[in-house]
Amino acid sequence: MNKPPSNRKKATSATSRDSTPSDDQDLEDISQQVDPGSATITVTAVEVPELTQEEQSDRLHLERKVERAFFEAGKALMELRDRRLYRSTHKTFEKYCRSRFGYTRMAATYKIAAATVMENLSTIGLHNAEITTDGLQPP
999 MNKPPSNRKK ATSATSRDST PSDDQDLEDI SQQVDPGSAT ITVTAVEVPE LTQEEQSDRL
1059 HLERKVERAF FEAGKALMEL RDRRLYRSTH KTFEKYCRSR FGYTRMAATY KIAAATVMEN
1119 LSTIGLHNAE ITTDGLQPP
């Protein structure tokens, strides 16, 4: 069975030094190759520099803000729910959360539960640095 002709007639040679060919010698006719699917593509790796001390400090500060934000949001939602501070505008906490924050009741409940867990952990003396993702304390 014959293959349909390729719409792509030329490809950049793997030996090209930059992304723009300097002349026609850097282009080859793919239609002349026996198996165009076996063409070699060279990818140049880009070195990503390590974070500086200042960037590491900034990252830690911002991560703590995010952690604190979910904790504060959960505590605020809990108080809004428990004190029924939504009652002047909405009949239910679920309708309030959906209208005001775009949260489902389950999303609000998860945030409240997460804040409760963090509060419980902090009251028994664990700090964020001692809590790992797998739930075990580091050595």
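Residues in the sequence shown are numbered consecutively from 999, following this note's numbering. Where a beta carbon is used, it is the ideal one built from N, C-alpha and C, also for glycine.
To the nearest angstrom, how far is it from the Cα of residue i to the Cα of residue j?
i, j, result
"residue 1037", "residue 1046", "28 Å"
"residue 1085", "residue 1044", "56 Å"
"residue 1098", "residue 1033", "59 Å"
"residue 1035", "residue 1114", "57 Å"
"residue 1083", "residue 1074", "11 Å"
"residue 1118", "residue 1042", "50 Å"
"residue 1055", "residue 1088", "43 Å"
"residue 1059", "residue 1053", "10 Å"
"residue 1063", "residue 1051", "18 Å"
"residue 1096", "residue 1122", "34 Å"
"residue 1061", "residue 1076", "23 Å"
Take the Cβ of residue i as the centre, count every other Cβ of all protein chains shown within 10 Å, and call the residue buried at 16 or more, exposed below.
i, result
"residue 1100", "exposed"
"residue 1116", "buried"
"residue 1120", "exposed"
In its own chain, which residues sit with a C-beta less than 8 Å from the C-beta of residue i, not counting the 5 before and 5 after it?
i, result
"residue 1091", "1078, 1079, 1082, 1084, 1103, 1106"
"residue 1049", "1057"
Using C-beta distances below 6 Å, list every residue in its chain close to residue i, excluding the 5 sequence neighbours before and after it, in chain order.
i, result
"residue 1094", "1084, 1088"
"residue 1072", "1109, 1110, 1112, 1113"
* Are three or more beta carbon pairs between the region 1105-1122 and the region 1063-1076 nearer than 8 Å? -> yes
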